[in-house]
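Each remark here refers to the structure printed beneath this line.
There are 2 protein chains.
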Amino acid sequence: MVTVLSIVVSLAIILATSYQVSGLQSFNLIRQPVAPREHFWGFSCQSWRLGVETNNIRDWTTVPKLCEIYMAVYLLGPQYRKDSRIVTYEAFRYAESLELGDDGKDIWIFDIDETSLSHLFFIAQYGFGTEPLNGTAFLEWLEKGEAPALPESLKLYRRLLNLGIKTVFLTGRAEFMRNSTESNLKLVGYDTWEKVLLRNSSELNQTQVEYKSIKRTELVESGYRIVGNIGDQWSDLLGAYPGSRTFKLPNPMYYAE
Amino acid sequence: MVTVLSIVVSLAIILATSYQVSGLQSFNLIRQPVAPREHFWGFSCQSWRLGVETNNIRDWTTVPKLCEIYMAVYLLGPQYRKDSRIVTYEAFRYAESLELGDDGKDIWIFDIDETSLSHLFFIAQYGFGTEPLNGTAFLEWLEKGEAPALPESLKLYRRLLNLGIKTVFLTGRAEFMRNSTESNLKLVGYDTWEKVLLRNSSELNQTQVEYKSIKRTELVESGYRIVGNIGDQWSDLLGAYPGSRTFKLPNPMYYAE
Chain L
1 MVTVLSIVVS LAIILATSYQ VSGLQSFNLI RQPVAPREHF WGFSCQSWRL
51 GVETNNIRDW TTVPKLCEIY MAVYLLGPQY RKDSRIVTYE AFRYAESLEL
101 GDDGKDIWIF DIDETSLSHL FFIAQYGFGT EPLNGTAFLE WLEKGEAPAL
151 PESLKLYRRL LNLGIKTVFL TGRAEFMRNS TESNLKLVGY DTWEKVLLRN
201 SSELNQTQVE YKSIKRTELV ESGYRIVGNI GDQWSDLLGA YPGSRTFKLP
251 NPMYYAE
Chain A
258 MVTVLSIVVS LAIILATSYQ VSGLQSFNLI RQPVAPREHF WGFSCQSWRL
308 GVETNNIRDW TTVPKLCEIY MAVYLLGPQY RKDSRIVTYE AFRYAESLEL
358 GDDGKDIWIF DIDETSLSHL FFIAQYGFGT EPLNGTAFLE WLEKGEAPAL
408 PESLKLYRRL LNLGIKTVFL TGRAEFMRNS TESNLKLVGY DTWEKVLLRN
458 SSELNQTQVE YKSIKRTELV ESGYRIVGNI GDQWSDLLGA YPGSRTFKLP
508 NPMYYAE
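As you go down the protein sequences, you meet chains L and A in turn. For the first sequence, my numbering begins at 1 and goes up steadily by one. For the second sequence, my numbering begins at 258 and goes up steadily by one.
As structure tokens, this is what we get:
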């Protein structure tokens with residue numbers, strides 16, 4: 001009896017959540033052009049987000065406009081935190097199970113933006129990804145070096161160090177941003193590392209997958225063992241030598257090939 | 258004003274949904290042992306499901322017991338359908354964009370269980386994956402050959418055929434099930450195919466990734482081009498020659514390595 005009642009109550013709540021977006025946001029459909037993916041009946045922002053996180057939806061430029069409120073609720077509410085936490089929790093469980101070498105060559109790769117550091121409050125100004133970011137303003141924001149840590153990643157970082165795993169930060173950021181990048185990392189608590197790898201001028205034309213594959217190959221060739229790799233984009237985790245295991249943090253705000 | 262009100266209402270709904278599970282299901286915590294992943298504070302069934310779908314959570318045996326009602330609501334409600342539909346929608350958009358050869362060698366690989374056919378109503382008897390399936394009973398169910406199609410996959414199948422892409426069914430099922438498998442596929446509308454590949458006795462010891470990699474390699478070596486590949490398990494989509502693009506359907510009910 002309790003179970004039946006629970007199912008009915010839950011169904012009502014889920015249905016309400018599921019349909020909220022079309023109800024609350026229908027005025028947006030009148031105001032602006034709708035991306036092709038939003039055309040079909042019963043478009044769901046939750047399904048769109050799952051599609052993005054599973055790499056089924058690729059090469060998108062902005063979040064569907066009708067998902068702006070959905071995104072605000074997701075990103076500022078508890079779910080984004082919980083979704084991040086279960087990933088870093090699994091990563092730690094995995095790391096704990098490893099048998100490490102005694103030569104100090106076991107490393108874990110951290111991506112930086114939306115992995116080690118969070119730009120959520122910058123991106124919030126652009127409708128949580130529903131509007132294109134202003135590249136110049138974003139660069140100015142990064143140069144300030146004041147981005148907060150993604151709390152779950154910082155916790156994982158500390159726990160990995162305690163296990164004796166060294167960390168390498170591998171980012172698509174350009175080499176001229178080294179000072180602001182390193183000072184930002186230190187400011188929020190990432191205070192030690194084996195390497196921070198940024199792109200030099202000859203590497204700026206490469207795709208993320210190409211660039212990161214080359215850098216990881218160099219690491220492996222110089223004797224490191226990549227025991228883990230965490231990032232918010234699939235392009236952090238695909239290609240050559242991705243690592244013995246990879247972990248995908250959520251990021252429904254932007255897509256980097 | 259409308260926007261602020263909308264955000265407040267949405268937050269209330271999401272918070273209610275987010276916390277429902279611990280409230281309604283807490284009696285389960287007393288009744289049965291809790292899996293390690295469920296120990297940490299604020300465990301969320303929604304985060305668990307995202308973790309599974311993104312391949313962050315691996316090698317799990319059953320769905321966390323406290324997610325039984327969450328699963329019932331997800332799988333029987335509209336969200337599972339919507340989550341499947343956005344995947345097959347993206348797959349069709351991609352397929353439409355392809356330039357096909359004129360030699361009839363472009364193929365699309367379909368997994369069978371929880372991709373072409375659905376066993377949702379069988380698995381519902383086992384608490385939607387929260388209890389281990391009875392292997393003998395499952396085999397008997399499969400042998401009946403009466404499983405319904407996953408409607409989204411059947412629609413994709415028909416649209417791909419219309420585009421001139423041939424289909425190959427590649428499944429972990431054993432060769433002795435060929436008759437029931439083929440008749441089940443035909444019964445629900447998958448009425449033509451290039452091949453249906455099942456495991457022969459020497460292949461039963463291979464992992465899904467090994468077995469499916471070998472079969473895909475054979476296809477490529479005999480001249481086929483795998484333009485797409487759709488499955489509900491990451492083991493359908495990883496390994497050798499996964500296909501020019503892969504699509505991951507949702508399946509939070511069971512895990513196949």
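Glycine included, every Cβ here is placed at the ideal spot set by N, Cα and C.
Beta-carbon proximity check, residue i vs residue j, cutoff 8 Å
{"i": "residue 443/A", "j": "residue 387/A", "result": "no"}
{"i": "residue 437/A", "j": "residue 402/A", "result": "yes"}
{"i": "residue 434/A", "j": "residue 454/A", "result": "no"}
{"i": "residue 105/L", "j": "residue 170/L", "result": "no"}
{"i": "residue 441/A", "j": "residue 404/A", "result": "yes"}
{"i": "residue 250/L", "j": "residue 236/L", "result": "no"}
{"i": "residue 207/L", "j": "residue 241/L", "result": "no"}
{"i": "residue 320/A", "j": "residue 385/A", "result": "yes"}
{"i": "residue 256/L", "j": "residue 172/L", "result": "yes"}
{"i": "residue 304/A", "j": "residue 82/L", "result": "yes"}
{"i": "residue 252/L", "j": "residue 52/L", "result": "yes"}
Range of the contiguous alpha helix (DSSP H) that encloses residue i
{"i": "residue 366/A", "result": "Residue 366/A -> not in any alpha helix (DSSP H); beta strand (DSSP E) instead, spanning 363–367."}
{"i": "residue 226/L", "result": "No alpha helix (DSSP H) contains residue 226/L, which is instead part of the beta strand (DSSP E) from 225–231."}
{"i": "residue 188/L", "result": "178–188"}
{"i": "residue 49/L", "result": "45–53"}
{"i": "residue 245/L", "result": "Careful: residue 245/L lies outside any alpha helix (DSSP H) and carries neither H nor E."}
{"i": "residue 65/L", "result": "Careful: residue 65/L lies outside any alpha helix (DSSP H) and carries neither H nor E."}
{"i": "residue 197/L", "result": "Note, residue 197/L: premise wrong, no alpha helix (DSSP H); beta strand (DSSP E) at 195–199."}
{"i": "residue 349/A", "result": "335–353"}
{"i": "residue 382/A", "result": "Counting along the chain, residue 382/A falls outside any alpha helix (DSSP H), and DSSP gives it neither H nor E."}
{"i": "residue 475/A", "result": "465–478"}
Assigned exposure category for residue i - 16 Cβ within 10 Å defines buried
{"i": "residue 125/L", "result": "exposed"}
{"i": "residue 243/L", "result": "buried"}
{"i": "residue 24/L", "result": "Reliability fails at residue 24/L, whose pLDDT of 36 lies under 50, so the model's placement of it is uncertain and no value is given."}
{"i": "residue 204/L", "result": "exposed"}
{"i": "residue 91/L", "result": "buried"}
{"i": "residue 43/L", "result": "buried"}
{"i": "residue 115/L", "result": "buried"}
{"i": "residue 274/A", "result": "The predicted model places residue 274/A with a pLDDT of 47, which falls under 50 and marks its position as unreliable, so this point remains unresolved."}
{"i": "residue 137/L", "result": "exposed"}
{"i": "residue 192/L", "result": "exposed"}
{"i": "residue 30/L", "result": "Low local confidence applies: a pLDDT of 38 at residue 30/L is under 50, so the model's placement there is unreliable, and no value is given."}
{"i": "residue 61/L", "result": "exposed"}
{"i": "residue 391/A", "result": "exposed"}
{"i": "residue 27/L", "result": "Note that residue 27/L has pLDDT 36, beneath the 50 cutoff, so the model's placement of it is unreliable and no number is given."}
When the options are compared against residue i, the one with the closest alpha-carbon
{"i": "residue 342/A", "options": "57/L, 70/L, 93/L, 78/L", "result": "57/L"}
{"i": "residue 89/L", "options": "151/L, 195/L, 207/L", "result": "151/L"}
{"i": "residue 504/A", "options": "303/A, 351/A, 300/A, 299/A", "result": "351/A"}
{"i": "residue 325/A", "options": "340/A, 339/A, 306/A, 338/A", "result": "306/A"}
{"i": "residue 77/L", "options": "53/L, 61/L, 52/L, 120/L", "result": "120/L"}
{"i": "residue 209/L", "options": "139/L, 222/L, 239/L, 182/L", "result": "239/L"}
{"i": "residue 229/L", "options": "223/L, 213/L, 202/L, 222/L", "result": "213/L"}
{"i": "residue 302/A", "options": "59/L, 79/L, 45/L", "result": "79/L"}
{"i": "residue 410/A", "options": "445/A, 491/A, 477/A", "result": "445/A"}
{"i": "residue 332/A", "options": "477/A, 311/A, 353/A, 379/A", "result": "379/A"}
{"i": "residue 182/L", "options": "143/L, 202/L, 254/L", "result": "143/L"}
{"i": "residue 312/A", "options": "480/A, 491/A, 482/A", "result": "491/A"}
{"i": "residue 406/A", "options": "447/A, 482/A, 353/A, 479/A", "result": "447/A"}
{"i": "residue 96/L", "options": "140/L, 175/L, 161/L, 211/L", "result": "161/L"}
Span of the beta strand (DSSP E), counted from its first residue to its last, around residue i
{"i": "residue 147/L", "result": "No beta strand (DSSP E) holds residue 147/L; DSSP gives it neither H nor E."}
{"i": "residue 426/A", "result": "423–431"}
### Message
Is it the case that the region 409–421 of chain A contacts the region 360–371 of chain A, given that we only count it when at least three CB pairs across the two stretches are under 8 Å?
### Response
A contact exists between the region 360–371 of chain A and the region 409–421 of chain A.
### Query
Do three or more CB pairs link the region 89–103 of chain L to the region 163–174 of chain L at distances below 8 Å?
yes
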